[in-house]
Amino acid sequence: MIGLLAALAILFAVRAEPVETRPQSAPPATRPSTSSARTVEERADETATQYKLAGEVLIAKGDRILLDRGYGTIDPAGGAAHKAGERWRLASITKQVFAVMAVAADGDQLDTPLGVAAKQPALGATTLRQLLTHHSGLADPDATPADAAGVPGFYRAAAPDLGYCLSRPATPGAAFHYNNCDYLVAASIVIDDVRTDTVWPRGMAMARAGEVGVPGFVAGKAEPALTLANWGAAGGLIGSAPAVFAFDRALMTGKLLPPAGLKALWTPEGNGSYQALGQWVFPGRFKGCAAPKRIVQRDGEIYGIQARNFILPDDDLVVIVFTNRSSDDFKFGEVWEGKGFTYDLLSAVACS
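For reference, each letter of the sequence shown is one residue, going 208 to 559 in my numbering.
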């Protein structure tokens, strides 16, 4: 495997990438509500307010951030308000970032059996592509016994237990099973040390001991204490919405991958699945749009934090949303449902 150095040479470009910003929008009460030509910012702001989002929304067109604003309070009981630029756990957006690194480092070896190439006999004929698309059959951290707070024991250790991940021989081409071990094992092959800050794009870093970013809430109460660093390349990054946008923009504009690499990253696996490498890519219909839009989507959730990263590459749009309410407390909904927060927000942004 080529390993870390090739990925670093590409991703360092993101660390110096400037982003053009626009001041935060004014509160909704100061805006006219009768204009038929409302701006994207106004429509998006109205949607976030309508759904009582507690978190942050960033919307960008091209190089310009149109809206980056906090909504609601950090604690459901009230108090300090969310603001733009908070440090969020990126959850499984981490997988999306790592998938880019993997393609940059080993894009010509996605289908090479790893048992011999990576000196990991337990992987046998399993490939990097199969790890990135959850077709490995590896042991699942979520299957480890949970503690009284409901947190699987795997995530209570001081560091990710790769021995556990490889404790069950891989089954190359196994049926899809979402599994954090896939990315933990893949990262152990591609990256020398995920804890090295310079490995990651500017504004992102692997969580340190005791670090969780914005606190999350589940069922209106503080989430269980977490060791976020244990999610590693599967979910352990902390960063800001602008940092995610800088990454997205560099990816969209060819600064991270050549055209062939981006095609490999964003091509769905087929057979009825829209899963690509570390993200989902699919056509979506929105209210007000005459034709479907191509969407690159990455979801993330770790206990009380949810994250969404939407790239509409053909429209030069990026929409990033974080909330510190669990999926039991705040429903994003899906584009295909034709209703709900995600559908309404993307309709407001993508369709005039």
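The beta carbon of each residue, even a glycine, is placed where N, CA and C say it ideally should be.
What separation, rounded to the nearest whole angstrom, lies between the Cα atoms of glutamine 316 and leucine 335?
Reading the sequence shown from its first residue, position 109 is the one you call residue 316. Reading the sequence shown from its first residue, position 128 is the one you call residue 335. Looking at the two C-alpha atoms, the distance is approximately 8 Å.
In or out: valine 323 buried (at least 16 other Cβ within 10 Å) or exposed?
Your numbering for residue 323 matches position 116 in the sequence shown. So valine 323 ends up on the exposed side.
Looking at glutamine 482 and phenylalanine 548, is the spacing between their C-beta atoms short of 9 Å?
By 1-based counting over the sequence shown, the position of residue 548 is 341. By 1-based counting over the sequence shown, the position of residue 482 is 275. Against a cut-off of 9 Å, the Cβ pair of glutamine 482 and phenylalanine 548 comes out as no contact.
Judging by CA-CA distance, which residue of Asp368, Leu469, Asp275, Asp521 is the nearest neighbour of alanine 306?
For the purposes of this step, residue 306 is taken as residue 99 along the sequence shown, with counting starting at 1. Nearest C-alpha to alanine 306: Leu469.
Decide if the stretch 389–407 is in contact with the stretch 274–282; the criterion is three or more beta carbon pairs, one per stretch, under 8 Å apart.
no
From Asp522, Leu524, Ser534, residue whose alpha carbon lies closest to that of aspartate 506:
Counting from 1 along the sequence shown, the entry for residue 506 is found at position 299. Considering only alpha carbons, the answer is Ser534.
Asparagine 386 - DSSP class collapsed to helix/strand/coil:
Stepping through the sequence shown from its first residue, residue 386 is reached at position 179. Three-state DSSP puts asparagine 386 in coil, outside helix and strand.
Here's a check: name, in chain order, each residue in its chain whose Cβ is nearer than 8 Å to the Cβ of cysteine 188, leaving out the five neighbours to either side.
Nothing can be reported for residue 188, as the shown portion of the chain is limited to 208 through 559.
Mind checking who glycine 446 pairs with in its DSSP beta bridge?
Against the sequence shown, residue 446 aligns to sequence position 239. DSSP, once it has assigned bridges, lists Trp295, Met411 as partnering glycine 446.
For the alpha helix (DSSP H) holding leucine 321, just list the boundary residues, first then last.
Taking the first residue of the sequence shown as position 1, residue 321 is located at position 114. Element bounds for leucine 321: 321–324.
If distances are taken between C-alpha atoms only, which option among Ala394, Ala288, Lys538, Arg501 comes closest to proline 367?
Against the sequence shown, residue 367 aligns to sequence position 160. That would be Ala394, whose Cα lies nearest to the Cα of proline 367.
Does DSSP put glutamine 327 in a helix, a strand or coil?
As a working mapping, residue 327 is identified with position 120 in the sequence shown. Here glutamine 327 sits in coil by DSSP.
Give me, in chain order, the residues of the same chain whose beta-carbon lies closer than 8 Å to that of proline 475; leave out the 5 immediate sequence neighbours on both sides.
Against the sequence shown, residue 475 aligns to sequence position 268. Here the set comprises Tyr481, Gln482, Ala483, Trp487, Val488, Phe489.
Take the Cβ of alanine 309 as the centre, count every other Cβ of all protein chains shown within 10 Å, and call the residue buried at 16 or more, exposed below.
Numbered from 1 along the sequence shown, position 102 holds the residue referred to as residue 309. The residue is buried, with at least 16 neighbouring Cβ atoms inside 10 Å.
At 3 residues or longer, what runs of the beta strand (DSSP E) sit wholly inside the stretch 261–290?
262–268, 271–278
Could you check if alanine 312 is buried or exposed, using at least 16 other CB atoms within 10 Å of its CB as the buried criterion?
Start at 1 with the first residue of the sequence shown, and residue 312 comes out as number 105. Burial call: buried.
C-alpha gap between alanine 436 and alanine 414, whole angstroms
What you label residue 436 is simply residue 229 of the sequence shown in a count that begins at 1. What you label residue 414 is simply residue 207 of the sequence shown in a count that begins at 1. The alpha-carbon atoms of alanine 436 and alanine 414 are separated by roughly 5 Å.
Spatially closest choice to glutamine 513 from Leu338, Gly442, Leu552, Gly479, by CA coordinates
Looking up residue 513 in the sequence shown gives position 306. For glutamine 513, the nearest C-alpha among the options comes from Gly442.
With a cut-off of 8 Å, do at least 3 Cβ pairs link the stretch 527–541 to the stretch 258–265?
yes
Bounding residues of the beta strand (DSSP E) (the contiguous stretch that carries arginine 166)
This structure cannot settle anything about residue 166, because the visible part of the chain is limited to 208 through 559.
Residues in its own chain within less than 8 Å of glutamate 224 by CB, not counting five upstream and five downstream?
For this step, residue 224 is matched to residue 17 along the sequence shown. Bear in mind that a pLDDT of 48 at glutamate 224, under 50, signals an unreliable position, so the number given afterwards is only what the model happens to contain. Result list for glutamate 224: Arg409, Ala453, Arg456, Ala457, Lys462, in chain order.
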